[in-house]
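S.K.: Shown below is the structure under consideration.
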């Protein structure tokens, strides 16, 4: 009787293992069967970019569990890319009907974490050779000299983080967000990202506490270079802002050139949020995971561009189509203690008279 019981149990285990193996074998990722056009339409990056990502991340995404139905690295990557491109957890669950929400969340967070760890490799400040090339490209495209990059902030919607300090994450438009600062070069690469500040924080405060500002103050970044920013920032020797109320043709020409130079960071945000819709919709995850996802998408953005993987909207440079966020004006001549206004006037006379 005991032998019969053992045989029945063995048969059950073998059948269960076979069923799990069949499920695992039948479950394939979109990397296996979607053509290049359909893959990019679905995931917002090219198939070749995704395949290169898989090479970078495969070891870190490989499962250590002995369960036969564990997600493969390909599946985890596709789940995360689908979330980044849509922002809709339910959509993922509809794509993979046998996948639980907890499993999909773990896959997204795991991929995001390991992508974010690639930040030093893909999101970095330019060296001297790159600085010269970036400045040359800005000069050619906008007529503005000495540009190191264009700086601005954007709000990424999040759910209330809860706790005693939740309200500091509510921005002036009334929703909870992280106020994220980036610096864009002339080719729309993200050269620097600061992702940790609550939505109520002023753009200028984020910059004042940034590593990049410290580099400019210490002249580790040469003083011949400067950032381009809107009037949400104070005019400094290393951050050129527009004339607030231009009255002369010189000032108007300066402002026109300044707008064209600053255009790139606005376009960068547009491309980033169109590619990764999770950044434009409320992220329903922990604050820590939201920050990780933001950095991960910045890394993905740069990887895609390095592969020549552009969005159709990249080519849209019509100034009439640019919608700038209304900055919280901080420019004040009495605060100009570092020669910023003097440098701006000198640039205007030398290049826009």
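Numbering (full-length UniProt numbering), first residue to last: 1 to 353.
For glycine and all other residues, C-beta sits at the position ideal for the given N, C-alpha and C.
Which residues in the same chain have their Cβ closer than 6 Å to the Cβ of residue 296, if we skip the five residues on either side of it in sequence?
M.R.: In the chain shown, the residue the question calls residue 296 occupies position 296. The answer, listed in chain order, is 112, 115 and 116.
S.K.: According to DSSP, is residue 292 part of a helix, a strand, or is it coil?
M.R.: The count along the chain shown starts at 1 and reaches residue 292 at position 292. Note: residue 292 maps to helix in three-state DSSP.
S.K.: Who are the Cβ neighbours of residue 291 in its own chain at under 8 Å, not counting the five residues just before and after it?
M.R.: The count along the chain shown starts at 1 and reaches residue 291 at position 291. The answer, listed in chain order, is 178, 195 and 196.
S.K.: How close, in whole Å, do the beta carbons of residue 261 and residue 86 come, if the pair is a contact with beta carbons under 8 Å?
M.R.: Counting from one through the chain shown, the residue named residue 261 turns up at place 261. Counting from one through the chain shown, the residue named residue 86 turns up at place 86. Going by Cβ atoms, the distance from residue 261 to residue 86 rounds to 33 Å, so no, they are not a contact pair.
S.K.: Helix, strand or coil: how does DSSP classify residue 318 here?
M.R.: Residue numbering aside, residue 318 sits at position 318 when the chain shown is read from its first letter. Residue confidence is low: residue 318 scores 44 on pLDDT, short of 50, so the model does not pin down where it sits. Its coordinate-derived value is still stated next. Residue 318 falls in the coil class under three-state DSSP.
S.K.: Can you grab the Cα-Cα spacing for the pair residue 254 / residue 215, in whole Å?
M.R.: Looking up residue 254 in the chain shown gives position 254. Looking up residue 215 in the chain shown gives position 215. Each residue's Cα considered, the two are about 26 Å apart.
S.K.: Around the C-beta of residue 163, are 16 or more other C-beta atoms found within 10 angstroms, so that it is buried, or is it exposed?
M.R.: Here residue 163 refers to the residue found at position 163 when the chain shown is read from its first residue. Burial call: exposed.
S.K.: Give the C-beta separation of residue 298 and residue 108 to the nearest angstrom, bearing in mind that I take them to be a contact with Cβ-Cβ under 8 Å.
M.R.: If you number the chain shown from 1, residue 298 lands on position 298. If you number the chain shown from 1, residue 108 lands on position 108. The Cβ separation is near 16 Å, so there is no contact.
S.K.: State yes or no: is the C-beta of residue 282 within less than 8 Å of the C-beta of residue 157?
M.R.: As a first step, residue 282 must be located in the chain shown, where it is residue number 282. As a first step, residue 157 must be located in the chain shown, where it is residue number 157. Annotated as proximal: residue 282 and residue 157, with beta-carbon spacing under 8 Å.
S.K.: Three-state secondary structure (DSSP) at residue 276?
M.R.: Sequence index remark: in the chain shown, residue 276 carries index 276 (1-based). Reduced to three states, the DSSP call for residue 276 is coil.
S.K.: Measure the alpha-carbon distance for residue 104 versus residue 40 and round it to whole angstroms.
M.R.: For this step, residue 104 is matched to residue 104 along the chain shown. For this step, residue 40 is matched to residue 40 along the chain shown. Cα to Cα, the separation comes out at about 21 Å.
S.K.: Taking 7 Å as the limit between beta carbons, can you name the residues of its chain near residue 199, skipping five residues before and five after?
M.R.: For the purposes of this step, residue 199 is taken as residue 199 along the chain shown, with counting starting at 1. Excluding sequence neighbours, residue 199 sits near 155, 169, 170, 171, 176, 177, 178 and 179.
S.K.: Within this structure, are the beta carbons of residue 129 and residue 182 separated by less than 8 Å?
M.R.: The residue given as residue 129 occupies position 129 in the chain shown. The residue given as residue 182 occupies position 182 in the chain shown. With respect to the 8 Å criterion, residue 129 and residue 182 are not classified as neighbours on the basis of their beta carbons.
S.K.: So, residue 213 versus residue 125, is the Cβ gap smaller than 8 Å?
M.R.: The count along the chain shown starts at 1 and reaches residue 213 at position 213. The count along the chain shown starts at 1 and reaches residue 125 at position 125. Result no, Cβ atoms of residue 213 and residue 125 do not sit closer than 8 Å.
S.K.: From residue 32 to residue 73, what does the alpha carbon distance come to, in whole angstroms?
M.R.: Residue mapping note: residue 32 aligns to position 32 of the chain shown, counting from 1. Residue mapping note: residue 73 aligns to position 73 of the chain shown, counting from 1. Going by the C-alpha atoms only, they are around 12 Å apart.
S.K.: What does the alpha-carbon distance come out to for the pair residue 131 and residue 221?
M.R.: For the purposes of this step, residue 131 is taken as residue 131 along the chain shown, with counting starting at 1. For the purposes of this step, residue 221 is taken as residue 221 along the chain shown, with counting starting at 1. Going by the C-alpha atoms only, they are around 9 Å apart.
S.K.: Buried or exposed for residue 110, please, with buried defined as at least 16 other CB atoms from any protein chain shown within 10 angstroms of its CB.
M.R.: As a first step, residue 110 is located in the chain shown; it is residue number 110 there, counting from the start. By the 10 Å Cβ count, residue 110 comes out buried.
S.K.: Go to residue 308, then tell me how far its alpha helix (DSSP H) extends in each direction, as first and last residue.
M.R.: Along the chain shown, read from residue 1 onward, the residue named residue 308 stands at position 308. If you look at residue 308, you'll find it isn't in any alpha helix (DSSP H); DSSP assigns it neither H nor E.
S.K.: Residue 176 bridges to which residues according to DSSP?
M.R.: One-based indexing of the chain shown puts residue 176 at position 176. Residue 176 pairs with 170.
S.K.: In angstroms, rounded to a whole number, what distance separates the CA positions of residue 236 and residue 339?
M.R.: As a first step, residue 236 is located in the chain shown; it is residue number 236 there, counting from the start. As a first step, residue 339 is located in the chain shown; it is residue number 339 there, counting from the start. Per the coordinates, the alpha-carbon of residue 236 lies some 7 Å from the alpha-carbon of residue 339.
S.K.: Which of the three DSSP states is assigned to residue 105 in this structure?
M.R.: Indexing the chain shown from 1 puts residue 105 at position 105. Helix, per DSSP.
S.K.: Which value, in whole angstroms, describes the spacing of the CA atoms of residue 83 and residue 151?
M.R.: Position 83 of the chain shown holds residue 83. Position 151 of the chain shown holds residue 151. Rounded to the nearest angstrom, the two C-alpha atoms are 27 Å apart.
S.K.: Terminal residues of the continuous alpha helix (DSSP H) containing residue 221?
M.R.: Taking the chain shown and counting its residues from 1, one reaches residue 221 at position 221. Per DSSP, residue 221 belongs to no alpha helix (DSSP H) and is neither H nor E.
S.K.: Are the CB atoms of residue 258 and residue 146 nearer to each other than 8 Å?
M.R.: Your numbering for residue 258 matches position 258 in the chain shown. Your numbering for residue 146 matches position 146 in the chain shown. Not in contact: residue 258 and residue 146 (Cβ atoms no closer than 8 Å).
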